[in-house]
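Have a look at the structure below before the remarks.
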Amino acid sequence: MLVSSNTAFARAAYEYGKQHDQSCAVSSVITDFSLANMAWLKAPMGAPSVPMTEVLAYSYAALRPSKDLLDRYLTEIDKLQKQGRISERDHQLLRSSTVALEELMRLTLGDEAALTEETVTETLRRVSAEIRKEENEKVREEQEAHRQTRQQLAAAASERESLQKRLYWKARRNSQFVAWGVSASVGVLLLVGVAEGLGMRTQNATVGWLLVGGSSLVAMGTILNMFFGTTVRHLHEAIQTKCVTYLLRREARETGINFGVDR
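Numbering that gives the first Met the number 0 numbers the first residue of the sequence shown as 0 and each following residue consecutively.
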């Protein structure tokens with residue numbers, strides 16, 4: 000058996016086979032379409048998508064221009080280019096664009112008689128309009144993508160700024176707690192030192208050491224204030240500044256946010 004896509008040949012073989020016993024039941028030539036149908040009918044659930052695929056294939060083929068129509072179309076556009084009616088770019092566009100063939104079929108419905116110079120001109124106009132439409136759509140998509148990117152970047156920058164503010168004020172608040180704690184401790188020691196200077200005595204060893212430490216701190220503070228003008232307030236501010244710097248550097252290492260305290 001010969002499988003062919005030539006339906007006329009298969010039909011002639013079938014008519015010829017009717018006159019001969021050896022081929023009257025089964026033709027010696029069968030089309031690929033008939034063979035595929037028979038094979039599918041033997042086991043339809045083995046390939047359930049075959050009918051749809053065949054319908055799509057034949058529908059697509061029906062929407063394509065025939066060889067005669069295509070030859071006449073190519074001849075017409077060659078003639079228009081030689082006459083200077085269309086440019087070389089238009090000629091290439093009409094030859095290579097799939098949209099041009101689709102528009103040709105819409106305008107002629109596959110009828111060769113409907114193919115005229117006006118048909119080719121209208122086809123070119125529609126193809127050019129479709130290309131401009133696609134280009135404009137592409138530009139709009141790119142603009143929309145850029146807009147979304149800018150929005151995402153702005154949202155990320157806003158979130159980063161908000162996080163930076165929260166971390167900064169958290170570090171500043173914690174540093175104030177530390178500074179006030181140290182200042183309060185220094186204040187207590189200074190009071191104890193003043194009390195020791197006024198003649199306060201005790202038999203408790205711990206309190207005694209506190210009195211000695213307080214008096215030493217008073218003496219040191221007096222010297223620093225005398226030569227450098229250092230006060231408890233200055234000490235409080237210095238501790239707070241150092242503590243803020245340390246906390247911000249630690250947050251910068253963990254989050255990658257620059258707080259401007261690298262140095």
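Don't be surprised by glycine CBs; every beta carbon is placed ideally from N, CA and C. Predicted model only: the values in this text are computed from it and were never measured.
- Beta-bridge annotation (DSSP): residue 30 is paired with 3.
- Residue 90: member of the alpha helix (DSSP H) spanning 87 to 95, first to last residue.
- Under the DSSP assignment, residue 69 falls in the alpha helix (DSSP H) whose first and last residues are 66 to 81.
- Going by DSSP, residue 115 is part of no alpha helix (DSSP H) at all; its letter is neither H nor E.
- Between residue 76 and residue 126, the CB-CB gap reaches or exceeds 7 Å.
- Fewer than three Cβ pairs drawn from the region 152 to 160 and the region 107 to 114 lie within less than 8 Å of each other, which leaves the two stretches out of contact.
- DSSP places residue 49 inside the alpha helix (DSSP H), whose first and last residues are 49 to 61.
- The shortest C-alpha to C-alpha distance from residue 129 to any of 107, 101, 179 is the one to 101.
- Residue 252 and residue 178 have their C-alpha atoms some 23 Å from each other.
- Distance from the Cα of residue 53 is smallest, within the candidate group 35, 96, 241, for 35.
- With respect to residue 246, residue 170 sits close: the two C-beta atoms are nearer than 7 Å.
- In the three-state scheme derived from DSSP, where H, G and I count as helix and E and B as strand, residue 235 is classed as helix.
- The criterion of a C-beta distance shorter than 7 Å is not satisfied by residue 29 and residue 49.
- In this structure, residue 174 sits near residue 239, with a CB-CB distance shorter than 7 Å.
- Residue 147 sits away from residue 256, with the two beta carbons spaced by 7 Å or more.
- For residue 19, the three-state secondary structure derived from DSSP is coil.
- With contacts defined as CB atoms closer than 7 Å, residue 69 and residue 104 fail to qualify as a contacting pair.
- Distance from the CA of residue 31 to the CA of residue 0, rounded to the nearest whole angstrom, comes to 11 Å.
- Looking at the backbone, the Cα of residue 43 and that of residue 25 are separated by about 22 Å.
- Annotation: residue 81 to residue 137 spans about 34 Å, alpha carbon to alpha carbon.
- Taking all protein chains in view, the Cβ of residue 57 is surrounded by fewer than 16 other Cβ atoms within 10 Å, so the residue is classified as exposed.
- Rounded to the nearest whole angstrom, the C-alpha separation of residue 40 and residue 47 is 10 Å.
- Residue state for residue 256 is assigned as coil, using DSSP reduced to three classes.
- In the structure shown, the three-state DSSP call for residue 12 is helix.
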